[in-house]
Amino acid sequence: MRIRPAVRAELPLLQDIERAAGEPFRALGMAAIADDEPPALDLLEQYRRAGHAWVSVDRTDRPVAYLLTDPVDGAAHIEQISVHPSAARRGRGRGLIDHLAAVAAAEGLRALTLTTLAEVPWNAPYYARLGFRVLGEADLTDGLREICLAEAGHGLDRWARVCMRRDLDRP
């Protein structure tokens, strides 16, 4: 599996991956998530320019999964990770997360964090299998609280959500 930084010309493909990855939410009665627009091209370009956008590519070097990250309170926060359904269940998400863990540890960051849906099988239960733990209210940093408030402002609090953290071993 090859993981590399996203390039500008691929950004529309990342939007396509996001749309396709949202479709399975319909079967769970979460059409609003499936219908949510992917990140805008200018936002994706900001992540790309900052070196915070990685893709997992197929044999033809075409992205089939991507990850966006932000530094938040000494951790690498996974802002978005999406895998095209045609490439799902092949370790693409895990590969991207492990890549980010290595980069973050080398940069001296202490952890990976994310926010996710608590009861969707390919969300919180999946991340728990990858070593993430659910954070209680007392464990939330100011940055994570701000992220949760922003997500609530977008209506994501209609479903149970959790903040999760995976501590990193530093080199």
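Per numbering that gives the first Met the number 0, the sequence shown runs over residues 0 to 170.
In this text, a Cβ means the ideal position worked out from N, Cα and C, and glycines have one as well.
Taken through DSSP and simplified to helix, strand or coil, Leu111 comes out as strand. Of the candidates Arg160, Glu9, Pro120 and Gly94, the residue whose Cα lies closest to the Cα of Leu113 is Arg160. Short of 8 Å from the beta carbon of Arg47, and not among the five residues preceding or following it, lie these beta carbons of its own chain, in chain order: Pro4, Ala5, Val6, Arg7 and Leu10. In this structure Ser85 is exposed. Its beta-carbon is surrounded by fewer than 16 other beta-carbon atoms within 10 angstroms. Straight-line spacing of the CA atoms in His51 and Leu42 works out to 11 Å. By the neighbour-count criterion, in which 16 or more other beta carbons inside 10 Å mark a residue as buried, Pro38 falls on the buried side. DSSP places Leu12 in the uninterrupted alpha helix (DSSP H) bounded by Leu10 to Gly21. If you keep only unbroken alpha helix (DSSP H) runs of at least 4 residues inside the region 40-74, you get 40-48.
Between Leu143 and Asp72, the beta carbon gap of about 7 Å places them in contact (Cβ cut-off 8 Å). Comparing alpha carbon positions, the residue from Phe24, Gly94 and Leu139 closest to Asp57 is Gly94. Scanning its chain for C-beta atoms nearer than 6 Å, with the 5 sequence neighbours on each side dropped, one finds around Arg1 the residues Val56, in chain order.
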